[in-house]
Each structure stands twice: as C-alpha cells, then as structure tokens.
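Once you know that position 172 of the sequence shown is 172 in the UniProt record's numbering, the rest is easy, because the numbers rise by one and skip nothing.
Virtual Cβ for every residue (Gly too), placed ideally from N, Cα, C.
Taking it in order: structure first as structure tokens, then the write-up.
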Amino acid sequence: MEGIKHRKVAVNGINMHIAEKGEGPVVLFLHGFPELWYSWRHQILALSDRGYHCVAPDLRGYGETDAPTSVDSYTGFNIVDDIVALIHSLQVEKVFLVGHDWGAIIGWYFCMLHPEMVKAYVCLSVPFLRRNPTVPTVDGMRAMYGDNYYVCRFQKPGEMEAEMAVAGTKYVIKNILTTRKPGPPILPPGEFGTGFNPDMNDTLPSWLTQEDLDYFVSNFERTGFTGALNYYRNFNRNWELEAPWSGAKIEVPVRFITGDLDMVYTSLGLKEYIQYGDFKEDVPNLEHIIVQTGVAHFNTMETPEDVTNHIYTFIIKFDLRST
1 MEGIKHRKVA VNGINMHIAE KGEGPVVLFL HGFPELWYSW RHQILALSDR
51 GYHCVAPDLR GYGETDAPTS VDSYTGFNIV DDIVALIHSL QVEKVFLVGH
101 DWGAIIGWYF CMLHPEMVKA YVCLSVPFLR RNPTVPTVDG MRAMYGDNYY
151 VCRFQKPGEM EAEMAVAGTK YVIKNILTTR KPGPPILPPG EFGTGFNPDM
201 NDTLPSWLTQ EDLDYFVSNF ERTGFTGALN YYRNFNRNWE LEAPWSGAKI
251 EVPVRFITGD LDMVYTSLGL KEYIQYGDFK EDVPNLEHII VQTGVAHFNT
301 METPEDVTNH IYTFIIKFDL RST
C-alpha cells in the first residue's frame with residue numbers, strides 16, 4: 001500500500017476517511033458490505049499509475065469515517081450527500097464513478113440524482129434496482145425468499161449485531177468474504193449461521209491474505225457492524241424517498257461487471273433482468289455487461305487485474321486527455 005495517502009474530510013456533517021493516490025482525473029471508488037476503502041487497494045495502485053487520482057472513502061458508518069447513531073442517518077440519499085460534499089472538497093466538477101455492492105447501489109442513486117457530476121459509471125455486482133411502485137423493497141424480498149433472507153434478518157436494530165457477536169467478527173468477515181455460494185443467502189433464525197458460506201475452509205483463498213483479513217477484522221472489531229447494517233434498515237425508507245423518481249432512467253454511460261457465481265447476480269431474478277433487455281431499458285447508455293466465469297461476489301479482490309482493466313478500458317473512452 002506504499003504511496004497511498006490517508007486523510008479526513010469534513011462532509012455533510014461527518015468526518016470521512018479517504019484513501020487516495022495519484023494525479024489526474026478523479027476516479028471515485030465506493031465499497032460495499034462488509035468492506036472498506038481497502039477493497040479497492042489493487043485498483044487504486046494500478047489506476048493511479050495510469051494517470052488517475054484515485055479516491056476511496058470509508059463510507060458513512062464504516063472504518064475510520066464517523067458513524068451517526070440514528071438509523072435514519074443511513075438512507076441512500078444521506079450517503080449521496082456525503083459523496084457530493086466529498087467531490088466538492090476535491091475541487092472537481094465531475095468524476096469517474098466506480099461502485100461495488102452497497103457502493104453500487106449508492107452509485108445508482110448518485111447517477112439518478114446528480115448525473116451532471118458523473119463522466120461514466122462502472123458498476124460491479126448490483127445492477128440498477130427498478131423501483132416497484134406498489135411494493136416496498138424489503139416487503140418484496142420477504143415475499144420472494146421469506147423472513148430468513150439475509151436482508152430481512154438484518155432489519156431489527158441490535159438483533160443481528162448480537163448474533164454476529166456470538167459468532168465473532170473474524171468468523172463473520174471470513175464467512176462472507178470467502179463465499180462462493182450462488183443464490184440468496186438464507187440465515188437460520190436465532191444465529192448468524194452459515195447462510196453466506198456453508199462450506200467455509202480454514203485455508204484462505206489465494207486472493208485474500210491473512211494480512212488482508214486482519215485489516216477488515218480489526219476495523220470491524222473496533223466499529224461493530226451497526227453502521228453497515230443500517231444501510232439495509234433503510235431499504236424501505238429509500239423506496240419511499242425515491243418515489244418522485246419512480247420510472248426514472250439512468251442516462252450516464254455505464255459498464256456493468258459481475259461474476260457468474262455472485263450471490264446478487266443469482267438472486268431476485270436479476271440474472272434475467274440483466275440478460276434479457278430490461279436492464280438496458282432502464283439504463284439506455286449501458287454499453288457493456290461483463291459476466292466473469294467462475295467468479296464470485298468480491299471480484300474487486302478475486303480478479304483485481306481483470307476488474308482494473310475493465311474499468312480502465314471504459315473510462316479511457318471518456319477521458320478528454322485521450323482525444
């Protein structure tokens with residue numbers, strides 16, 4: 001991680017930790033759950049060497065960024081406002097946006113609310129989630145998969161935190177990061193369980209070192225999981241707030257990358273949505289859909305060079321310096 005600088009930025013009433021490296025057009029990376037800026041370490045190093053100013057925050061509630069206590073402070077709109085303020089602090093008008101998992105969801109909100117600030121968007125794992133005008137998001141997930149679907153199990157404040165505490169932070173992080181189980185994660189009632197990864201090995205995969213795992217674990221041992229889980233507790237509130245944009249299309253240029261073993265890609269009918277045209281209808285400037293064979297959810301770390309190259313070959317087309 002040599003050369004990556006760290007600092008705190010005052011944004012939208014909180015102090016946000018950012019990691020950054022390089023000079024040039026800004027590439028802004030948004031991480032997911034249960035992750036940190038560190039999930040983008042490979043892309044930061046590679047793209048900064050190719051002439052970009054790479055910036056990766058710990059999102060609100062994660063890592064060294066402040067974690068407000070109110071659940072209501074974690075709507076997608078709150079997080080978007082954090083990102084707007086961060087971009088202003090960087091003294092640029094537009095960025096190349098890259099998001100994975102929850103960062104991808106925030107990225108879609110950002111593109112919907114502030115398209116004028118996005119040169120192009122590279123989205124990983126979570127496609128645009130078309131708003132159902134009559135059914136709140138969590139209600140729809142519960143109807144499809146039942147009360148034990150992981151998003152449903154995350155809803156009650158304090159409940160999942162207690163179960164994760166029993167399992168232990170190291171177990172929880174390792175269990176989720178190393179999963180290769182496609183399809184919806186179902187957690188048995190009353191325990192964190194093995195719903196993400198029923199076949200967890202003692203040996204780490206080649207792409208995740210003990211040092212990497214320790215970095216994630218030490219941060220979540222310090223902060224707990226409440227801030228991260230509060231994102232899920234605002235799915236229905238986001239659905240309410242998004243009502244004025246129901247039916248809106250995402251007009252910025254987009255490249256989408258996922259693995260064919262990704263737990264999101266293989267759940268909620270999203271594979272069909274992505275492959276059979278509805279995704280392109282909602283995102284008219286969707287230029288490429290890339291499905292990586294044999295790759296699971298955390299592809300920024302599992303296939304870092306491939307992901308970096310897909311990001312680079314897309315954003316370079318919108319880099320005015322290359323024309």
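Taking a contact to mean a Cβ-Cβ separation below 7 Å, would you say I257 touches F128 in this structure? no
- Taking the Cβ atom as the reference point for each residue, do F33 and A228 lie within a distance shorter than 7 Å? yes
Which partner residues of L30 appear in the DSSP bridge assignment? G99
| request: Please report the residue range of the beta strand (DSSP E) in which R255 lies. | output: V254 to G259
Sequence-distant residues of its chain with Cβ nearer than 6 Å to T323 (five each side left out): For T323, the pLDDT reaches just 46, beneath the cut-off of 50, and the residue's location in the model is therefore unreliable, leaving the point undetermined.
- What are the complete beta strand (DSSP E) segments, minimum 3 residues, inside the region 114-178? 118-124
| request: Tell me whether Y276 is buried or exposed, calling it buried when 16 or more other Cβ atoms sit within 10 Å of its Cβ. | output: exposed
Report task. Please classify A243: is it buried, with 16 or more other beta-carbons within 10 angstroms of its beta-carbon, or exposed? Result -> exposed
Which residues in the same chain as E23 place their Cβ atom closer than 7 Å to its Cβ, once the five residues preceding and following it in sequence are excluded? H53
**Request:** Could you have a look at K249 and say whether DSSP puts it in helix, strand or coil?
**Result:** coil
Mapping the DSSP letters down to three states, classify E20 as helix, strand or coil. strand
**Message:** Just to confirm my understanding: we take L97, look at its own chain, exclude 5 residues before and 5 after, and list those with CB closer than 6 Å. What are they?
**Reply:** L28, G107, V118 and Y121
So, at 7 Å on beta carbons, what are the nonlocal neighbours of M1 in its own chain, with the 5 sequence-adjacent residues on each side left out?
R41
* Output the distance between the C-alpha atoms of E191 and A85, rounded to the nearest integer angstrom. => 38 Å
Residue closest to A296, alpha-carbon to alpha-carbon, out of V264, T308 and T169: V264
- Query: Of the choices A248, L261 and Y38, whose alpha-carbon is the least far from that of K21?
  - Reply: Y38
### Message
Check for me: the alpha helix (DSSP H) holding K280 runs from which residue to which?
### Response
D278 to D282
Practice task
Using alpha carbons as the reference points, say which of Q43, A67, L36 and A46 lies closest to P57.
Solution key: L36
CA-to-CA distance, M164 to F216, given in whole angstroms:
15 Å
Item to complete: Within 10 angstroms of the Cβ of Q210, are there 16 or more other Cβ atoms? Answer buried if so, exposed if not.
Response: exposed
Check your understanding: Looking only at C-alpha atoms, which of G63, V71 and F110 sits nearest to I83?
Key -> F110
### Message
Buried or exposed for G61, going by 16 or more other Cβ atoms inside 10 Å?
### Response
buried
> Under 7 Å, do N230 and I186 count as touching if we go by C-beta distance?
Replying inline: no
- Query: Just to check, is the beta-carbon of H6 closer than 6 Å to a non-hydrogen atom of the ligand ZN?
  - Reply: The ligand ZN is absent from the structure shown, which contains no ligands of any kind.
**Q.** Beta-ladder partner(s) of R7, from DSSP
**A.** I18
Inset, instruction - Mind checking who V307 pairs with in its DSSP beta bridge? - result: DSSP output for V307 lists no bridge partner at all.
What does P25 pair with, by DSSP beta-bridge criteria? DSSP lists no partner for P25.
*asked:* For V254 and N12, what's the separation of their Cα atoms in angstroms?
replied: 27 Å
Bounding residues of the alpha helix (DSSP H) (the contiguous stretch that carries H88) = G76 to S89
> Are W239 and T137 closer than 7 Å when you measure CB to CB?
Replying inline: yes
Distance check for Q292 and F220, CA to CA, integer angstroms please.
29 Å
For this session: Label S70 either buried or exposed according to how many other C-beta atoms from any shown protein chain fall within 10 Å of its C-beta, with 16 as the threshold for buried.
Result: exposed
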